[in-house]
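Colleague:
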Amino acid sequence: MVNYILRRVLLMVPTLVGITFVVFMLIAASPGGIGAGLLVSAGGAMQSQNAIAIQKAKLEDRYGLNEPVIVQYGRWLRRILPIKFGTRDLVSPSGELVSRPRPVPEPAVWRWFATELKQAEPLSEEEVARRFTNPGSEAGTRAFQAAVGEYVTARAAYIASEALVRDSLKRYIEAWGKPELLTRKQEPRVSAISRVEPDRTLKEYAELERLGRDALAARELAAQKREALIAGMSTKPYPQAGIGIIPGVLSLAPPDLGIAFSRGRPVIDLLAEALPVTLLINFIAFPIIYMIAIPGGMLAATRKGTWVDLAQGLTVIALYSVPVVLAGVIAQGFLVNPDYLDAFPAAGLIGKGSEQMAFMPGANGACAWERGWLLDRVWHLVLPVLCLVYGGFAILSKQTRAAMLENFNADYVRTAKAKGVSNRDVIFRHVFRNSLLPLITMFVTIFPAMLAGSVVVERVFSIPGMGSLLIEAINLRDRELILANTTMVAVVNLLALLLADILYATADPRITFK
Numbered sequence: 015m016v017n018y019i020l021r022r023v024l025l026m027v028p029t030l031v032g033i034t035f036v037v038f039m040l041i042a043a044s045p046g047g048i049g050a051g052l053l054v055s056a057g058g059a060m061q062s063q064n065a066i067a068i069q070k071a072k073l074e075d076r077y078g079l080n081e082p083v084i085v086q087y088g089r090w091l092r093r094i095l096p097i098k099f100g101t102r103d104l105v106s107p108s109g110e111l112v113s114r115p116r117p118v119p120e121p122a123v124w125r126w127f128a129t130e131l132k133q134a135e136p137l138s139e140e141e142v143a144r145r146f147t148n149p150g151s152e153a154g155t156r157a158f159q160a161a162v163g164e165y166v167t168a169r170a171a172y173i174a175s176e177a178l179v180r181d182s183l184k185r186y187i188e189a190w191g192k193p194e195l196l197t198r199k200q201e202p203r204v205s206a207i208s209r210v211e212p213d214r215t216l217k218e219y220a221e222l223e224r225l226g227r228d229a230l231a232a233r234e235l236a237a238q239k240r241e242a243l244i245a246g247m248s249t250k251p252y253p254q255a256g257i258g259i260i261p262g263v264l265s266l267a268p269p270d271l272g273i274a275f276s277r278g279r280p281v282i283d284l285l286a287e288a289l290p291v292t293l294l295i296n297f298i299a300f301p302i303i304y305m306i307a308i309p310g311g312m313l314a315a316t317r318k319g320t321w322v323d324l325a326q327g328l329t330v331i332a333l334y335s336v337p338v339v340l341a342g343v344i345a346q347g348f349l350v351n352p353d354y355l356d357a358f359p360a361a362g363l364i365g366k367g368s369e370q371m372a373f374m375p376g377a378n379g380a381c382a383w384e385r386g387w388l389l390d391r392v393w394h395l396v397l398p399v400l401c402l403v404y405g406g407f408a409i410l411s412k413q414t415r416a417a418m419l420e421n422f423n424a425d426y427v428r429t430a431k432a433k434g435v436s437n438r439d440v441i442f443r444h445v446f447r448n449s450l451l452p453l454i455t456m457f458v459t460i461f462p463a464m465l466a467g468s469v470v471v472e473r474v475f476s477i478p479g480m481g482s483l484l485i486e487a488i489n490l491r492d493r494e495l496i497l498a499n500t501t502m503v504a505v506v507n508l509l510a511l512l513l514a515d516i517l518y519a520t521a522d523p524r525i526t527f528k
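Counted the way our numbering counts, the sequence shown spans residues 15 to 528.
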């Protein structure tokens with residue numbers, strides 16, 4: 015069993031990689047690609063062009079948005095894996111990881127204006143010691159933060175100048191009369207353009223050359239500031255992330271799920287707030303489904319063909335036929351609406367002022383009865399839990415009924431009855447136990463499906479759980495939140511499959527994993 019579990023756990027790694035890769039490629043295939051939401055966030059507000067360029071520089075440096083999609087996925091995978099290769103990241107006082115800055119990319123068609131790119135020289139040991147004195151001290155931290163700001167500003171200036179070069183290059187190609195050098199989106203094919211000799215007689219070339227030389231100068235400055243930042247990082251002004259195994263080569267560190275740009279907060283913090291809410295609802299709803307559906311299915315199987323069987327079947331099928339979103343809207347319209355019953359709260363999981371209540375119901379300081387924190391929480395949970403559980407009754411009860419009816423006709427049941435075994439023992443010790451395997455299989459599908467179904471319930475009742483977080487991430491195209499949710503749901507499904515295999519062996523001794 016232990017060897018089997020270890021093999022399954024190891025197989026989860028390539029499975030998770032495959033799932034996240036498919037989702038990453040789907041995001042890349044969407045309009046605007048991987049960085050669409052990020053770049054919209056960078057320039058969506060009323061900001062100056064310089065602020066937009068600085069934000070874009072930060073995003074490109076962190077996510078590599080100007081690199082091929084497969085490279086971007088590799089960078090994301092490196093961040094979330096606990097095994098890290100290369101130099102260790104630094105942890106800033108705010109908790110954000112500071113990674114080694116990426117190389118500054120080459121300007122478009124730079125060979126038209128220069129014979130070679132100037133390479134920035136690393137800072138000498140004397141220069142590093144002079145500039146970043148007393149690493150870890152307040153003065154050293156300020157010097158490093160200044161180096162970060164200078165690098166980001168210089169890289170943003172280069173990005174802005176490079177954008178001007180590409181706009182001018184597009185106008186130059188149009189005047190040149192070579193539309194084959196433009197993509198379907200009317201953007202320059204830089205790799206193809208670099209291989210042809212330009213027509214320097216066109217008047218548009220003069221402006222292009224001026225902007226190109228400005229971009230070369232901006233790149234040179236950005237490369238120098240990058241070397242200064244790398245030198246500052248080598249002094250370790252902040253604590254290093256994780257645990258070093260081989261210095262500069264291999265280390266172990268917690269997964270970095272990134273920063274949710276839609277909220278400007280670490281994804282791990284958002285998940286830590288939303289996940290317990292969703293798990294609370296599901297961990298209450300899941301036992302209710304099993305405690306009602308399984309006895310109901312057993313009763314229908316033992317009373318096959320009677321009015322009990324018929325009534326139970328009609329009831330669960332009728333409930334299953336009502337969509338969750340419709341049930342939620344009806345509950346909001348009749349059970350919550352002040353014009354009707356007004357019996358339950360409309361939104362959230364906690365009432366206003368409940369933090370000041372006592373834990374249990376009772377009289378407050380003014381000798382007035384109050385429901386208390388616990389009863390207030392239960393009151394808010396009633397409708398969301400009901401909307402989440404009723405659809406699961408039909409699947410599980412019908413499966414229980416079918417599995418038990420199949421075992422009722424087995425030879426071992428007839429043998430037990432012939433030996434005089436009581437009907438109760440036949441049902442519970444023989445028929446029900448041998449019907450557990452299909453029920454365990456249903457567990458694998460119901461629990462992950464309930465996590466997904468809670469998205470609708472949370473939106474209808476304005477519950478700040480994983481459902482609301484996921485919908486917001488999709489609407490705002492926040493790739494970090496989407497990928498984190500995908501990874502979490504995939505892990506839940508894989509763990510449910512592993513738990514099902516363990517329960518198989520527990521329920522049926524004939525099943526082994528040797």
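We put the CB at the ideal spot given by N, CA and C, even for glycine.
#1: Count the other C-beta atoms from every protein chain shown that fall within 10 angstroms of the C-beta of Pro-117, then say buried if there are 16 or more, exposed otherwise.
#2: Over what stretch of residues does the beta strand (DSSP E) that includes Leu-266 continue unbroken?
#3: Drop a sphere of 10 angstroms on the beta-carbon of Tyr-186, count the other beta-carbons inside from all chains shown, and report buried for 16 or more, exposed for fewer.
#4: Quick check on this structure: which residue in Asp-439, Val-16, Gln-346 and Leu-324 has the alpha carbon closest to the alpha carbon of Asp-356?
#5: In or out: Tyr-87 buried (at least 16 other Cβ within 10 Å) or exposed?
#6: How many Å lie between Leu-178 and Ser-44 at the Cα?
#7: Confirm the yes/no value for this check: CB of Pro-301, any heavy atom of the ligand HEM, distance under 7 Å.
#8: Who are the Cβ neighbours of Glu-234 in its own chain at under 6 Å, not counting the five residues just before and after it?
#9: Could you give the distance in angstroms between the alpha-carbon of Gly-342 and the alpha-carbon of Leu-363?
#10: With 16 other CB atoms within 10 Å as the buried threshold, where does Tyr-172 fall?
#11: Using the C-alpha atoms, what's the distance from Val-166 back to Ile-257?
#12: Ordered along the chain, which non-local residues of its own chain (more than five positions away) have a Cβ less than 7 Å from that of Leu-517?
#13: Pull up the distance between the alpha-carbon of Val-336 and that of Ser-449, whole angstroms please.
#14: What residue ranges within the stretch 197-244 form continuous alpha helix (DSSP H) runs of no fewer than 4 residues, ordered along the chain?
#15: Which of helix, strand or coil does DSSP assign to Leu-529?
#16: Name the residue from Tyr-219, Asn-421, Leu-271 and Leu-95 whose alpha carbon lies nearest to the alpha carbon of Leu-264.
#17: Skipping 5 residues on each side, what residues in its chain have a beta carbon closer than 8 Å to that of Leu-509?
#18: When burial is assigned at 16 or more other CB atoms within 10 Å of the CB, is Met-305 buried or exposed?
#19: Using the DSSP secondary-structure output, state which residues sit across from Val-105 in a beta bridge.
#20: Can you check DSSP and say which residues form a bridge with Arg-279?
#21: Could you give the distance in angstroms between the alpha-carbon of Leu-271 and the alpha-carbon of Arg-93?
#22: When the Cβ atoms of the stretch 484-497 are set against those of the stretch 420-427, are three or more pairs found closer than 8 Å?
#23: Whole-angstrom Cβ separation of Ile-303 and Leu-410, contact assumed at under 8 Å?
#24: Quick check on Ser-138: buried or exposed, where buried means 16 or more other Cβ atoms within 10 Å of its Cβ?
#25: Tell me whether the stretch 194-212 and the stretch 99-109 touch, counting them as touching only if at least three CB pairs, one residue from each stretch, are closer than 8 Å.
#26: Quickly, what does DSSP pair Ile-260 with across the bridge? List them, please.
#27: Along the chain, where does the alpha helix (DSSP H) that runs through Phe-35 open and close?
#28: Should Asn-17 go down as buried or exposed, given a rule of 16 or more other Cβ atoms within 10 Å for buried?
#29: Which value, in whole angstroms, describes the spacing of the CA atoms of Ser-248 and Phe-146?
#30: At what residues does the beta strand (DSSP E) containing Lys-412 begin and finish?
#31: Opposite Phe-99 in the DSSP bridges: which residues?
Modeller: Quick answer:
#1: Classification for Pro-117: exposed.
#2: Following the DSSP letters along the chain, one finds Leu-266 inside the beta strand (DSSP E) bounded by residues 264-266.
#3: Buried is the call here.
#4: Distance check between Asp-356 and each of Asp-439, Val-16, Gln-346 and Leu-324 places Gln-346 closest, using alpha-carbon atoms only.
#5: In the assembly as shown, Tyr-87 is a buried residue. Its beta-carbon has 16 or more other beta-carbons within 10 Å.
#6: Approximately 26 Å between the Cα atoms of the pair.
#7: What this structure holds is no ligand at all, so the ligand HEM is not there to describe.
#8: Only Lys-132 meet the Cβ criterion.
#9: About 15 Å.
#10: By the neighbour-count criterion, in which a residue is buried when 16 or more other Cβ atoms sit within 10 angstroms of its Cβ, Tyr-172 is buried.
#11: When rounded, the distance between both Cα atoms is 28 Å.
#12: If we look at Leu-517 and ignore the five residues flanking it on each side, its Cβ neighbours are Ile-454.
#13: Cα to Cα, the separation comes out at about 28 Å.
#14: Counting only runs that start and end inside the stretch 197-244, the alpha helix (DSSP H) elements of at least 4 residues fall at 204-207.
#15: Nothing can be reported for residue 529: it is not among the residues displayed for the chain, which extend from 15 to 528.
#16: Cα-wise, what sits closest to Leu-264 is Leu-95.
#17: Within the same chain, no Cβ atom closer than 8 Å to the Cβ of Leu-509 is found once the five residues on either side in sequence are excluded.
#18: By the Cβ-count criterion, Met-305 is exposed, with fewer than 16 other Cβ atoms from all chains shown falling within 10 Å of its own Cβ.
#19: Bridge partners of Val-105: Leu-111.
#20: In DSSP, Arg-279 forms a bridge with Ala-274.
#21: Going by C-alpha positions, Leu-271 is about 7 Å away from Arg-93.
#22: Too few Cβ pairs lie closer than 8 Å, so no.
#23: Contact holds; Cβ gap of about 6 Å.
#24: By the neighbour-count criterion, in which 16 or more other beta carbons inside 10 Å mark a residue as buried, Ser-138 falls on the exposed side.
#25: The stretch 194-212 is not in contact with the stretch 99-109.
#26: Its beta-bridge partners are Leu-264.
#27: DSSP places Phe-35 inside the alpha helix (DSSP H), whose first and last residues are 16-43.
#28: When all chains shown are included, Asn-17 counts as exposed.
#29: Their Cα atoms are separated by approximately 10 Å.
#30: Taken as a continuous stretch (DSSP letters only), Lys-412 belongs to no beta strand (DSSP E), being part of the alpha helix (DSSP H) at 386-422.
#31: Its beta-bridge partners are Leu-264.
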